[in-house]
Amino acid sequence: MLLVLGALIVSYAQSLRVWFDQHQQISTLQQEIRDREKRVDQLDDEISRWNDDAYVKAQARQRLGWVMPGEIGYRVIGADGKPVGAPPEPAGPVDPKADEPPAPTWYTKLWGSVEGAGKPPQPVKPTAPKTTPKPVLTAPPKGSR
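Written out as C-alpha cells, the structure is:
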C-alpha cells in the first residue's frame, strides 16, 4: 500500500511542479502585457499631443529654434562658442572606418576561390627584352676645332 501511495505522490508531484512553472510563466506574461498596454497608452498620448498645432509650434521653437514671422530670434553664445541651451547636435559617424565597405567575410573569400577555380589561369606570354640601340658616334666637322 505504501509503495502505491509513494508512486502516486511522485507522479502528482511532477504534475504539480509543471503546473507551478506554467502559472509562473502566465504571471510573467500578464505583467508584460500590462507593461506594453501602458506603453501603448503613453504613445497614444504622444500622438494626440503631436496632433495639436500649439504643441508642434512649441516643439519647433524649442528643438529647432524657429520663430514666428515678425519675431526676432536671439541666441546666447557661451564661452565655448556654442549656443547656450541649444539642443544637442546630431551625432555623425564616430568611427571613420564606418563609411568604408565591410571587410570580406569568410564566405565571400570562399566564394571567390570557388569562382577562381572555374577559370584556369591565362598563360603568361614572354616578352622580348628591350635592347637599347648603341649610340652612333660621328666625327666632329673638320673646321670646328
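Taking our numbering, the leading residue of the sequence shown gets 64, the next gets one more, and so forth.
Positions of the beta carbon are idealized from the N, C-alpha and C atoms, including for glycine.
The structure presented is a predicted model; accordingly, all values stated were derived computationally and were not measured.
Inter-residue Cα distance where the pair is residue i and residue j
i      : j      : result
Leu173 : Pro184 : 18 angstroms
Ser176 : Tyr170 : 10 angstroms
Leu92  : Arg99  : 10 angstroms
Ser74  : Val67  : 11 angstroms
Gln85  : Leu79  : 10 angstroms
Lys101 : Glu109 : 13 angstroms
Ala121 : Asp115 : 10 angstroms
Arg97  : Ile72  : 37 angstroms
Val81  : Glu95  : 21 angstroms
Pro186 : Gly179 : 15 angstroms
Glu134 : Gln88  : 59 angstroms
Lys197 : Lys188 : 27 angstroms
Within 9 angstroms, strictly: CB atoms of residue i and residue j
i      : j      : result
Gly128 : Gly141 : no
Arg126 : Tyr118 : no
8 angstroms contact criterion, which residue i and residue j should meet: CB distance rounded
i     : j      : result
Pro56 : Arg138 : The structure shown does not extend to residue 56, since the chain is modelled only from 64 to 208, so the question has no answer here.
Neighbourhood of residue i by C-beta, 7 angstroms cutoff - its chain only, sequence neighbours within 5 removed
i     : result
Ala70 : none
Proximal residues to residue i (C-beta, below 8 angstroms), its chain only, five neighbours per side dropped
i      : result
Arg123 : Reading off the sequence, residue 123 comes out as Ala, not Arg. Only Trp129 meet the Cβ criterion.
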